[in-house]
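**Student:** Each protein sequence line maps, in turn, to chains X and Z.
Counted the way this note's numbering counts, the first sequence spans residues 372 to 626.
Counted the way this note's numbering counts, the second sequence spans residues 372 to 626.
2 protein chains.
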Amino acid sequence: MNRPFDPRAPRIVLVGTQHPGNIGSAARAMKTMGLDRLVLVAPQRFPHAEADALAAGADDVLAAAQLRPDLAAAIADCTLVIGTSARRRGVPLPELSPREAAQQLVRAQAAGGTAALVFGRERTGLENEELQRCHASVTIPANPDYSSLNLAAAVQVLAYEIRLALLAPDPLRPRAPEPVATGDDHAPATQADMERFFAHLAELLDDIDFHKGRDPAVIGQRMRRLFLRAQPDPRELRILRGVFSDVQRLLGLRN
Amino acid sequence: MNRPFDPRAPRIVLVGTQHPGNIGSAARAMKTMGLDRLVLVAPQRFPHAEADALAAGADDVLAAAQLRPDLAAAIADCTLVIGTSARRRGVPLPELSPREAAQQLVRAQAAGGTAALVFGRERTGLENEELQRCHASVTIPANPDYSSLNLAAAVQVLAYEIRLALLAPDPLRPRAPEPVATGDDHAPATQADMERFFAHLAELLDDIDFHKGRDPAVIGQRMRRLFLRAQPDPRELRILRGVFSDVQRLLGLRN
Numbered sequence: 372m373n374r375p376f377d378p379r380a381p382r383i384v385l386v387g388t389q390h391p392g393n394i395g396s397a398a399r400a401m402k403t404m405g406l407d408r409l410v411l412v413a414p415q416r417f418p419h420a421e422a423d424a425l426a427a428g429a430d431d432v433l434a435a436a437q438l439r440p441d442l443a444a445a446i447a448d449c450t451l452v453i454g455t456s457a458r459r460r461g462v463p464l465p466e467l468s469p470r471e472a473a474q475q476l477v478r479a480q481a482a483g484g485t486a487a488l489v490f491g492r493e494r495t496g497l498e499n500e501e502l503q504r505c506h507a508s509v510t511i512p513a514n515p516d517y518s519s520l521n522l523a524a525a526v527q528v529l530a531y532e533i534r535l536a537l538l539a540p541d542p543l544r545p546r547a548p549e550p551v552a553t554g555d556d557h558a559p560a561t562q563a564d565m566e567r568f569f570a571h572l573a574e575l576l577d578d579i580d581f582h583k584g585r586d587p588a589v590i591g592q593r594m595r596r597l598f599l600r601a602q603p604d605p606r607e608l609r610i611l612r613g614v615f616s617d618v619q620r621l622l623g624l625r626n
Numbered sequence: 372m373n374r375p376f377d378p379r380a381p382r383i384v385l386v387g388t389q390h391p392g393n394i395g396s397a398a399r400a401m402k403t404m405g406l407d408r409l410v411l412v413a414p415q416r417f418p419h420a421e422a423d424a425l426a427a428g429a430d431d432v433l434a435a436a437q438l439r440p441d442l443a444a445a446i447a448d449c450t451l452v453i454g455t456s457a458r459r460r461g462v463p464l465p466e467l468s469p470r471e472a473a474q475q476l477v478r479a480q481a482a483g484g485t486a487a488l489v490f491g492r493e494r495t496g497l498e499n500e501e502l503q504r505c506h507a508s509v510t511i512p513a514n515p516d517y518s519s520l521n522l523a524a525a526v527q528v529l530a531y532e533i534r535l536a537l538l539a540p541d542p543l544r545p546r547a548p549e550p551v552a553t554g555d556d557h558a559p560a561t562q563a564d565m566e567r568f569f570a571h572l573a574e575l576l577d578d579i580d581f582h583k584g585r586d587p588a589v590i591g592q593r594m595r596r597l598f599l600r601a602q603p604d605p606r607e608l609r610i611l612r613g614v615f616s617d618v619q620r621l622l623g624l625r626n
């Protein structure tokens with residue numbers, strides 16, 4: 372059983388798509404990011420076997436897709452419409468980054484509105500008349516020398532940003548950098564454990580006469596720096612100290 | 372004339388790609404986001420007409436792609452390696468979001484290091500042995516009920532985050548703990564140096580019979596995790612390996 376889709380997820384509208392395979396790939400991109408509401412405006416060929424093939428496991432999104440004759444019909448009930456645009460057009464619209472667009476779409480839905488993100492034709496994008504129906508435009512900051520994201524790639528990037536906005540605790544707030552995750556059960560050892568570890572290491576280095584007359588402080592400082600930076604957890608310290616003890620035992624230096 | 376690519380852009384490594392078309396699509400996704408350094412590890416079929424066809428205008432990225440027999444060879448000179456992972460594995464690695472991973476990769480390159488982002492096979496991803504060569508893993512937060520981004524889609528999303536990090540005036544730096552004592556420049560050792568260090572450590576643990584019949588892989592993994600996290604510099608590695616050699620000599624185990 373699939374989880375129900377998030378009601379705050381906006382509608383995705385594809386206008387005048389030429390290749391049915393792109394509709395399938397877009398459906399797949401949507402579903403990977405938890406989006407399910409697809410509206411197709413006058414697709415050139417749909418339904419089509421290629422759309423089904425490229426949708427892979429997202430055939431449910433495809434099957435539930437709604438068909439509309441023009442953009443006006445596809446967004447008639449919407450309170451916020453954002454159109455994707457590869458580059459500046461003559462249309463004076465607020466220009467948003469993908470992140471801003473995603474946050475505005477989710478916020479509009481969360482507030483009880485209906486939000487749509489609109490993608491144009493593969494080669495020619497949205498017409499000016501269509502962009503004029505949008506509240507804002509969004510542009511993926513592509514390489515200016517090669518900005519040809521295909522339709523599914525553009526859907527993937529924007530759907531990804533929508534997913535981040537949906538997962539964020541509060542989309543209104545600019546998110547602070549998250550703490551660096553350190554894997555499963557990793558909880559750094561206490562400073563006291565670290566000091567016991569450094570004392571044991573210093574003892575071992577003495578035992579094997581590692582310093583050979585040089586000042587132990589230099590090496591000691593370097594090792595402190597290395598292991599404090601690593602932030603070992605208690606289990607890692609136990610392994611290292613186990614190695615030290617084994618070496619000391621084998622050398623007959625300690626019990 | 373294309374603008375030169377940003378030297379802070381990390382290398383993209385594709386491991387064991389099965390379908391040549393995916394290599395072409397990945398090259399296209401990279402170039403749309405201004406990335407050009409592609410390394411292919413043992414692709415099943417390459418070069419191939421399908422790769423060329425799907426690369427569209429990114430044939431220059433494809434033509435400059437380097438071929439390597441295994442992951443170790445592809446990242447030997449790297450100071451930071453992040454592996455993509457669809458889901459939690461048995462491998463305990465720091466887990467990063469795409470945004471965090473992109474920032475760390477760009478930061479590492481900007482600091483004069485060499486950073487790589489590694490993608491696994493279409494169906495099976497990276498093997499545990501390959502993930503263990505990585506400093507951290509990155510997961511795209513996909514729909515848990517349908518997380519099947521295809522390879523090019525995953526490359527597109529992560530390349531997009533890398534582009535955002537490259538475009539940011541100063542990728543916000545929640546820098547890890549400050550170096551403690553010496554304060555001089557810390558430049559992490561290369562992956563090849565790290566592998567030599569791990570081999571030496573494994574040899575020492577064998578020499579002192581640390582495992583006593585238990586599986587060496589468990590301890591080996593924990594130690595990889597600890598020292599990859601610490602990112603030792605060449606001098607720190609020399610000290611540690613000097614300690615290993617002294618112990619081996621004292622035990623009469625090596626010359």
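Ideal Cβ positions, reconstructed from N, Cα and C, are used throughout, including at glycine.
Computed from a predicted model, the values in this text were never measured in an experiment.
Under 8 Å Cβ-Cβ, which residues of chain Z neighbour X/Met404?
**Tutor:** Here residue 404 of chain X refers to the residue found at position 33 of the first sequence. Within chain Z, the residues near X/Met404 are Ala513, Asn514.
**Student:** Using 8 Å for Cβ pairs, my map puts Z/Ala530 next to Z/Ala400. What's the rounded Cβ distance?
**Tutor:** What you label residue 530 of chain Z is simply residue 159 of the second sequence in a count that begins at 1. What you label residue 400 of chain Z is simply residue 29 of the second sequence in a count that begins at 1. Indeed, because the Cβ distance is near 6 Å, the residues count as touching under 8 Å.
**Student:** Is Z/Pro391 closer than 9 Å to Z/Val416 when the C-beta atoms are compared?
**Tutor:** The residue given as residue 416 of chain Z occupies position 45 in the second sequence. The residue given as residue 391 of chain Z occupies position 20 in the second sequence. Checking the sequence shown, residue 416 of chain Z turns out to be Arg, not Val. Yes, they are a contact pair.
**Student:** Whose C-alpha, out of Z/Arg382, Z/Ile610, Z/Val410, Z/Ala426, is nearest the C-alpha of Z/Thr403?
**Tutor:** Numbered from 1 along the second sequence, position 32 holds the residue referred to as residue 403 of chain Z. Of Z/Arg382, Z/Ile610, Z/Val410, Z/Ala426, the residue nearest in Cα terms is Z/Ala426.
**Student:** For X/Gly623, which of helix, strand or coil comes out of DSSP?
**Tutor:** Counted from its first residue, the first sequence places residue 623 of chain X at position 252. Reduced to three states, the DSSP call for X/Gly623 is coil.
**Student:** What separation, rounded to the nearest whole angstrom, lies between the Cα atoms of Z/Ile590 and X/Ile610?
**Tutor:** Residue 590 of chain Z sits at position 219 when you count from the first residue of the second sequence. Residue 610 of chain X sits at position 239 when you count from the first residue of the first sequence. Near 8 Å, if we compare the C-alpha coordinates of X/Ile610 and Z/Ile590.
**Student:** At least one CB of chain Z closer than 9 Å to the CB of X/Glu471: is that the case?
**Tutor:** Within the first sequence, numbered from 1, the residue matching residue 471 of chain X stands at position 100. It does not: the Cβ of X/Glu471 has no partner Cβ on chain Z nearer than 9 Å.
**Student:** Which residues mark the beginning and the end of the beta strand (DSSP E) in which X/Gln415 is found?
**Tutor:** For the purposes of this step, residue 415 of chain X is taken as the residue at position 44 of the first sequence. Unbroken run through X/Gln415: none, as it is neither H nor E.
**Student:** Could you check whether X/Thr450 and X/Leu488 sit closer than 9 Å to each other, using their CB atoms as the reference points?
**Tutor:** If you number the first sequence from 1, residue 488 of chain X lands on position 117. If you number the first sequence from 1, residue 450 of chain X lands on position 79. No; because the gap between Cβ atoms is not below 9 Å, this pair is not in contact.
**Student:** What is the DSSP secondary structure of X/Glu493, reduced to helix, strand or coil?
**Tutor:** Numbered from its first residue, the first sequence carries residue 493 of chain X at position 122. Reduced to three states, the DSSP call for X/Glu493 is coil.
**Student:** Among the candidates Z/Gly428, Z/Asp431, Z/Leu409, whose CA atom is the shortest distance from the CA of Z/Gln437?
**Tutor:** Here the question's residue 437 of chain Z lines up with position 66 in the second sequence. It is Z/Leu409 whose Cα lies nearest to the Cα of Z/Gln437.
**Student:** When you compare only the Cα positions, how much space is there between Z/Gln389 and X/Ala482?
**Tutor:** For the purposes of this step, residue 389 of chain Z is taken as residue 18 along the second sequence, with counting starting at 1. For the purposes of this step, residue 482 of chain X is taken as residue 111 along the first sequence, with counting starting at 1. When rounded, the distance between both Cα atoms is 45 Å.
**Student:** If you pair each beta-carbon of the segment 494-511 of chain X with each one of the segment 460-476 of chain X, do three or more pairs fall below 8 Å?
**Tutor:** Yes, the segment 494-511 of chain X is in contact with the segment 460-476 of chain X.
**Student:** State the start and end residues of the unbroken beta strand (DSSP E) segment that holds X/Leu385.
**Tutor:** What you label residue 385 of chain X is simply residue 14 of the first sequence in a count that begins at 1. From DSSP, the beta strand (DSSP E) with X/Leu385 extends over 382-386.
**Student:** Of the residues that make up the segment 418-438 of chain X, which ones have a beta carbon closer than 9 Å to any beta carbon in chain Z?
**Tutor:** So the list reads Ala427, Gly428, Ala429, given in the order they occur along the chain.
**Student:** Can you pull out the residues from the segment 514-533 of chain Z whose beta carbon lies closer than 7 Å to at least one beta carbon of chain X?
**Tutor:** Against chain X - using a Cβ distance shorter than 7 Å - the residues of the segment 514-533 of chain Z are Asn514, Asp516, Tyr517, Ser518, Ser519, Leu520, Ala524, Gln527, Val528, Tyr531.
**Student:** Assuming X/Phe569 and X/Arg595 form a contact by the criterion Cβ under 8 Å, report the distance between their Cβ atoms to the nearest whole angstrom.
**Tutor:** Along the first sequence, read from residue 1 onward, the residue named residue 569 of chain X stands at position 198. Along the first sequence, read from residue 1 onward, the residue named residue 595 of chain X stands at position 224. With 8 Å as the limit, X/Phe569 and X/Arg595 qualify as a contact, their Cβ atoms being about 6 Å apart.
**Student:** With distances taken from CA atoms, which of X/Ala558, X/Gln480, X/Asp430, X/Leu497 is nearest X/Ala413?
**Tutor:** Position 42 of the first sequence, counting from 1, holds the residue named residue 413 of chain X. When each option's Cα is compared against that of X/Ala413, the closest is X/Leu497.
**Student:** Nearest chain Z C-beta to X/Phe598 closer than 9 Å, yes or no?
**Tutor:** Against the first sequence, residue 598 of chain X aligns to sequence position 227. Yes, X/Phe598 lies at the interface with chain Z (some Cβ there is under 9 Å from its Cβ).
**Student:** If I follow the unbroken beta strand (DSSP E) through X/Ala558, where does it start and stop?
**Tutor:** To locate residue 558 of chain X, count along the first sequence from 1; it is residue 187. Premise fails: X/Ala558 is in no beta strand (DSSP E) and is neither H nor E.
**Student:** Per DSSP, which one or two residues make a beta bridge with Z/Gly454?
**Tutor:** By 1-based counting over the second sequence, the position of residue 454 of chain Z is 83. Answer is Z/Val489, Z/Ser508.
**Student:** Straight-line CA distance for Z/Phe581 to X/Leu622?
**Tutor:** Numbered from 1 along the second sequence, position 210 holds the residue referred to as residue 581 of chain Z. Numbered from 1 along the first sequence, position 251 holds the residue referred to as residue 622 of chain X. About 14 Å.
**Student:** Compare the C-beta of Z/Asp580 with all C-beta atoms of chain X and state if any pair is closer than 9 Å.
**Tutor:** Within the second sequence, the letter at position 209 stands for residue 580 of chain Z. For Z/Asp580, the answer is yes, since a Cβ of chain X falls inside 9 Å of its Cβ.
**Student:** Could you tell me the alpha carbon to alpha carbon distance between Z/Ala424 and X/Asn521, rounded to whole angstroms?
**Tutor:** Position 53 of the second sequence, counting from 1, holds the residue named residue 424 of chain Z. Position 150 of the first sequence, counting from 1, holds the residue named residue 521 of chain X. Going from the Cα of Z/Ala424 to the Cα of X/Asn521 covers about 14 Å.
**Student:** With a 10 Å radius around its C-beta and 16 neighbouring C-beta atoms as the bar for buried, classify Z/Pro605 as buried or exposed.
**Tutor:** The sequence position of residue 605 of chain Z within the second sequence is 234, counting from 1. Result: exposed.
**Student:** For the alpha helix (DSSP H) that contains X/Leu535, what are its first and last residues?
**Tutor:** Position 164 of the first sequence, counting from 1, holds the residue named residue 535 of chain X. It spans 522-538 - the alpha helix (DSSP H) in which X/Leu535 sits, taken as one unbroken run.
**Student:** Starting from X/Arg408, trace the beta strand (DSSP E) both ways and give me its first and last residue.
**Tutor:** Residue mapping note: residue 408 of chain X aligns to position 37 of the first sequence, counting from 1. Element bounds for X/Arg408: n/a, residue is neither H nor E.
**Student:** Any idea what DSSP makes of X/Leu433, helix, strand or coil?
**Tutor:** Counted from its first residue, the first sequence places residue 433 of chain X at position 62. Looking at X/Leu433 - three-state DSSP - the assignment turns out to be helix.
**Student:** Go through its chain and collect everything with a Cβ distance to Z/Val526's Cβ below 6 Å, but skip five positions before and after it.
**Tutor:** For this step, residue 526 of chain Z is matched to residue 155 along the second sequence. Same-chain partners within the cutoff: Ala397, Ala400.
**Student:** I want to verify the contact list: residues of chain X whose CB lies under 7 Å from the CB of Z/Val664, in sequence order.
**Tutor:** Residue coverage of chain Z in this structure runs from 372 to 626, which leaves residue 664 of chain Z outside it and unanswerable.
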